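Asks: So that we are looking at the same thing, I have put the structure below in structure tokens.
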Amino acid sequence: MIEMLTKLKQLLFSSLCVGLLAHTTPGYAVLTIVINEGQVAGMPISIVPFAMEGVGPNEQQPADVIDADLGLSGRFETIQRSNFLSAPHDFDSVQFKDWRLIKSEALVVGKVINIGNSQYEIRFRLIDVYREKQLAGQKFIVPANKLRKAAHVISDIIYQKLTGTAGAFDTKIAYITVQGVEPDRQYLLRVADSDGWHPKTILESHQPILSPSWSPDGRRMAYVSFEKKRSMVFIQNLKTGKRVRLAEFKGLNSAPSWSPDGKKIALTLSKDGNPEIYIFDLATSNLRRLTHHTAIDTEPSWSPDGRSLIFTSGRSGKAQIYQISVTGGPPKRLTFSGSYNAGASFSPDGRTIVLITNQGNGYKVGVYSTKDRIVRELTQSRQDESPSFAPNGDMIMYATQQGGHGVLALVSIDGQVQQTLKFQGGAVREPAWSPFNL
Amino acid sequence: MRNVSSYFIILVASFAITACGGRGYTAVDEDILVEPVGGLAGSELDADDISTSGLDSGSSLSTSGLDSIYGDTDLLNRRVIYFEYDSSSLTLESEAIIQAHAQYLNTVSGVAVTLEGHTDERGTREYNLALGENRAKAAFTVMQAVGLGSERIQIISYGEERPVSLGSDESAWNLNRRVEILY
Numbered sequence: 000m001i002e003m004l005t006k007l008k009q010l011l012f013s014s015l016c017v018g019l020l021a022h023t024t025p026g027y028a029v030l031t032i033v034i035n036e037g038q039v040a041g042m043p044i045s046i047v048p049f050a051m052e053g054v055g056p057n058e059q060q061p062a063d064v065i066d067a068d069l070g071l072s073g074r075f076e077t078i079q080r081s082n083f084l085s086a087p088h089d090f091d092s093v094q095f096k097d098w099r100l101i102k103s104e105a106l107v108v109g110k111v112i113n114i115g116n117s118q119y120e121i122r123f124r125l126i127d128v129y130r131e132k133q134l135a136g137q138k139f140i141v142p143a144n145k146l147r148k149a150a151h152v153i154s155d156i157i158y159q160k161l162t163g164t165a166g167a168f169d170t171k172i173a174y175i176t177v178q179g180v181e182p183d184r185q186y187l188l189r190v191a192d193s194d195g196w197h198p199k200t201i202l203e204s205h206q207p208i209l210s211p212s213w214s215p216d217g218r219r220m221a222y223v224s225f226e227k228k229r230s231m232v233f234i235q236n237l238k239t240g241k242r243v244r245l246a247e248f249k250g251l252n253s254a255p256s257w258s259p260d261g262k263k264i265a266l267t268l269s270k271d272g273n274p275e276i277y278i279f280d281l282a283t284s285n286l287r288r289l290t291h292h293t294a295i296d297t298e299p300s301w302s303p304d305g306r307s308l309i310f311t312s313g314r315s316g317k318a319q320i321y322q323i324s325v326t327g328g329p330p331k332r333l334t335f336s337g338s339y340n341a342g343a344s345f346s347p348d349g350r351t352i353v354l355i356t357n358q359g360n361g362y363k364v365g366v367y368s369t370k371d372r373i374v375r376e377l378t379q380s381r382q383d384e385s386p387s388f389a390p391n392g393d394m395i396m397y398a399t400q401q402g403g404h405g406v407l408a409l410v411s412i413d414g415q416v417q418q419t420l421k422f423q424g425g426a427v428r429e430p431a432w433s434p435f436n437l
Numbered sequence: 000m001r002n003v004s005s006y007f008i009i010l011v012a013s014f015a016i017t018a019c020g021g022r023g024y025t026a027v028d029e030d031i032l033v034e035p036v037g038g039l040a041g042s043e044l045d046a047d048d049i050s051t052s053g054l055d056s057g058s059s060l061s062t063s064g065l066d067s068i069y070g071d072t073d074l075l076n077r078r079v080i081y082f083e084y085d086s087s088s089l090t091l092e093s094e095a096i097i098q099a100h101a102q103y104l105n106t107v108s109g110v111a112v113t114l115e116g117h118t119d120e121r122g123t124r125e126y127n128l129a130l131g132e133n134r135a136k137a138a139f140t141v142m143q144a145v146g147l148g149s150e151r152i153q154i155i156s157y158g159e160e161r162p163v164s165l166g167s168d169e170s171a172w173n174l175n176r177r178v179e180i181l182y
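Protein sequence lines correspond, in order, to chains Z and S. Per numbering that gives the first Met the number 0, residue 0 is the first one in the first sequence, and the count goes up by one each step. Per numbering that gives the first Met the number 0, residue 0 is the first one in the second sequence, and the count goes up by one each step.
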């Protein structure tokens with residue numbers, strides 16, 4: 000197997016980032032990579048621009064997408080094209096010494112061929128430079144407008160082959176943007192590709208929108224909207240745009256979270272006095288109260304096995320994370336360190352909980368290990384919010400502040416890789432990463 | 000965390016307090032904690048209190064009458080109450096303000112009041128929605144205790160979504176942790 004580089008010079012990496020920006024077509028992407036922080040130890044990989052046979056010059060070059068995807072993951076150091084000594088498009092034409100010379104451990108080559116009827120054939124090969132061996136190779140036929148998606152699928156295959164973990168590039172993110180000032184402030188709930196491309200607005204409002212939550216099949220989204228001048232929970236079908244009002248009780252209606260089987264939604268209601276957690280059964284419309292405490296109970300989130308929920312409670316006097324069985328009973332306190340732990344959710348494998356923690360130095364993304372039961376800070380910022388795991392569990396997307404501006408950022412689960420995504424115009428917040436298989 | 004020195008400690012004269020009619024406010028010289036409003040609230044309050052010297056300008060109104068009119072006006076002019084970080088506890092003065100509004104509303108029929116709870120930007124948005132709700136609820140409970148029908152009181156929490164001050168420092172946060180009394 001290819002060996003990972005242990006260290007990468009900061010200088011080389013920052014010039015790489017400029018490179019990434021330079022071949023991102025402007026005006027189309029909403030989010031662009033702007034900053035890299037932290038220690039980076041990525042595998043050097045070269046993505047050769049694909050041959051484009053019979054394809055117009057304005058079509059998406061898959062290599063650009065793959066390069067950006069792999070770079071964003073922090074697990075790879077994508078080598079700048081100006082260093083390439085040759086430009087092969089298939090296995091037979093690879094001169095291995097050209098790639099060994101620039102210390103590229105892996106190589107990706109490919110072609111896009113126009114096969115008529117607005118269909119493209121796209122083929123790629125992932126090559127181990129030192130073993131001179133093909134690691135993966137595949138051919139797809141895609142409609143012309145799905146070239147980017149095909150490129151994300153290729154990135155997923157490369158990521159899987161080289162890291163052993165499923166890639167999460169061919170996924171989506173939901174987020175909220177805020178533009179303008181009161182009373183003309185505009186809130187948009189948007190869904191975009193995981194790299195910020197192809198954003199689609201699914202809800203527009205002059206009142207706040209919060210807490211988007213994907214259904215496990217990725218077809219529906221629950222969220223909180225103030226469009227009726229108070230909080231209500233809605234469920235929207237992402238394909239048809241049709242939606243239902245799930246909760247419009249007196250008081251607070253908030254923090255929806257889908258159960259892993261998609262049949263129930265946990266949420267926070269204050270209809271019985273103060274914020275408590277309830278489970279709503281979507282098939283029977285049965286609403287069941289789960290918590291009973293005069294302090295705040297909110298932000299429910301399901302364990303991957305669907306048998307318990309974690310939530311934020313102020314019952315100790317400060318916000319801390321608790322776990323409760325879906326059948327009820329006394330909750331168990333999970334977090335003890337720090338003056339504030341909130342906004343928690345499980346990693347897909349259930350071993351880690353991501354949360355917002357204040358250990359005395361601001362509100363940061365942290366992880367709580369269910370094994371050793373300690374909270375570890377992952378970020379250096381002071382106003383982080385809304386952490387959301389990628390469906391493969393490798394990265395966490397969250398909202399933070401930069402220069403008084405709301406931005407989205409990524410951090411790897413070990414904290415080693417940190418990337419900031421900047422929205423072009425307006426503040427962006429409340430990211431929610433989609434499940435796989437959309 | 001709050002800097003204690005940022006409080007103004009104000010001695011409120013008994014005549015301003017008796018007018019509130021609430022339990023426990025007849026004592027003379029209560030120490031009351033007041034949150035700074037852009038650094039001006041303290042001096043404004045002082046000015047109001049000092050202007051009570053107008054009372055001895057030979058008015059024909061009885062002292063008690065003056066007390067009640069003056070006290071109500073003072074408290075009723077204030078439509079926003081403020082909170083400590085991550086707390087929905089009311090200060091004595093906040094309670095007095097809420098009581099004054101509830102008592103006024105008891106004298107006018109058909110007017111509904113909305114209690115809008117807000118927080119500062121720190122912490123998660125959902126937790127802050129719940130915190131704003133509890134702040135509004137605290138004000139609601141005081142209004143109910145004064146006899147205002149709960150059907151006339153609406154509670155809304157906007158959490159951290161509607162700051163009045165856009166800054167990211169203590170002074171902005173102090174202003175944003177609030178309940179607005181709207182009618």
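Using N, Cα and C, we set each Cβ at its ideal position, and we do this for glycine too. Source: prediction; values computed, not measured.
#1: If you draw a straight line from the C-alpha of residue 169(S) to the C-alpha of residue 176(S), how long is it?
#2: Taking the straight line between their C-alpha atoms, what separation do you get for residue 431(Z) and residue 396(Z)?
#3: Quick one: grab the DSSP three-state call for residue 139(S).
#4: Quick one: using the 10 Å Cβ neighbour count with 16 as the cut-off for buried, is residue 283(Z) buried or exposed?
#5: DSSP on residue 307(Z), reduced to helix/strand/coil?
#6: Let me know the alpha helix (DSSP H) ranges lying completely inside the stretch 82 to 111 of chain S, each 4 residues or longer, listed in chain order.
#7: Of the residues 165(S), 126(S), 145(S), 172(S), which one's Cα is nearest the Cα of residue 273(Z)?
#8: What separation, rounded to the nearest whole angstrom, lies between the Cα atoms of residue 41(Z) and residue 290(Z)?
#9: Is it a yes or a no for the stretch 375 to 388 of chain Z touching the stretch 333 to 346 of chain Z, going by three-plus beta-carbon pairs under 8 Å?
#10: Quick check on the burial criterion: 16 or more other C-beta atoms within 10 angstroms. Buried or exposed for residue 335(Z)?
#11: So if DSSP puts residue 262(Z) in a beta bridge, which residue, or which two residues, is it bridged to?
#12: Would you kindly work out how many angstroms separate the C-alpha atoms of residue 113(S) and residue 72(S), rounded to a whole number?
#13: Give me whichever residues DSSP pairs with residue 43(Z) in a beta bridge.
#14: From residue 105(Z) to residue 127(Z), what distance separates their C-alpha atoms?
#15: Is the beta carbon of residue 299(Z) closer than 8 Å to that of residue 246(Z)?
#16: With a threshold of 8 Å between beta carbons, is residue 229(Z) in contact with chain S?
#17: Run the CB neighbour count on residue 374(Z), radius 10 Å, all protein chains shown included, and call it buried at 16 or more, exposed below.
#18: List, in order along the chain, the chain S residues whose C-beta lies closer than 8 Å to that of residue 382(Z)?
#19: Measure from the C-beta of residue 124(S) to each C-beta in chain Z and report whether the shortest distance is under 8 Å.
#20: Assign residue 260(Z) to one of two classes, buried (16 or more other C-beta atoms within 10 Å of its C-beta) or exposed (fewer than that).
#21: Answer with yes or no whether the minimum CB distance from residue 48(Z) to chain S is below 8 Å.
#22: Alpha carbon to alpha carbon, how far is residue 109(Z) from residue 55(Z)?
#23: In chain order, what residues of the same chain have a beta carbon less than 6 Å from the beta carbon of residue 51(S), not counting five sequence neighbours either side?
#24: Per DSSP, residue 113(Z) forms a beta bridge with which residues?
#25: Tell me the DSSP bridge mates of residue 135(Z)?
#26: Roughly how many angstroms lie between the CA atoms of residue 152(Z) and residue 403(Z), to the nearest whole one?
#27: Pick out the complete beta strand (DSSP E) segments inside the stretch 291 to 353 of chain Z, 3 residues or longer, and give them in chain order.
#28: What number of angstroms, rounded off, separates the C-alpha of residue 163(S) from the C-alpha of residue 311(Z)?
#29: Please say whether residue 101(Z) and residue 120(Z) have beta carbons closer to each other than 8 Å?
#30: Quick test of your reading: residue 78(S) and residue 180(S), contact by CB under 8 Å. State the CB separation rounded to the nearest angstrom.
#31: Here's a check: name, in chain order, each residue in its chain whose Cβ is nearer than 6 Å to the Cβ of residue 435(Z), leaving out the five neighbours to either side.
#32: If distances are taken between C-alpha atoms only, which option among 324(Z), 330(Z), 309(Z) comes closest to residue 352(Z)?
#33: Are the stretch 242 to 257 of chain Z and the stretch 226 to 233 of chain Z touching, with three or more C-beta to C-beta distances below 8 Å?
#34: Does the contact criterion of 3 or more C-beta pairs under 8 Å hold for the stretch 320 to 337 of chain Z versus the stretch 143 to 150 of chain S?
#35: Hey, is residue 89(S)'s beta-carbon within less than 8 Å of any beta-carbon in chain Z?
#36: Run through chain Z and tell me which residues come within less than 7 Å of residue 129(S), C-beta to C-beta.
Replies: In short, the structure shows the following:
#1: 11 Å
#2: 8 Å
#3: helix
#4: exposed
#5: strand
#6: 91 to 106
#7: 126(S)
#8: 45 Å
#9: yes
#10: exposed
#11: Residue 262(Z) pairs with nothing; no bridge assigned.
#12: 20 Å
#13: 76(Z)
#14: 5 Å
#15: no
#16: yes
#17: buried
#18: 120, 121, 167
#19: yes
#20: exposed
#21: no
#22: 17 Å
#23: With a pLDDT of 29 at residue 51(S), under the threshold of 50, the modelled position of that residue is not reliable, and the figure given next carries that caveat. Answer for residue 51(S): no residue qualifies.
#24: 119(Z)
#25: 125(Z)
#26: 36 Å
#27: 296 to 301, 307 to 312, 319 to 324, 327 to 332, 339 to 345
#28: 26 Å
#29: no
#30: 5 Å
#31: 390
#32: 309(Z)
#33: yes
#34: no
#35: no
#36: 251, 267, 274, 295, 297
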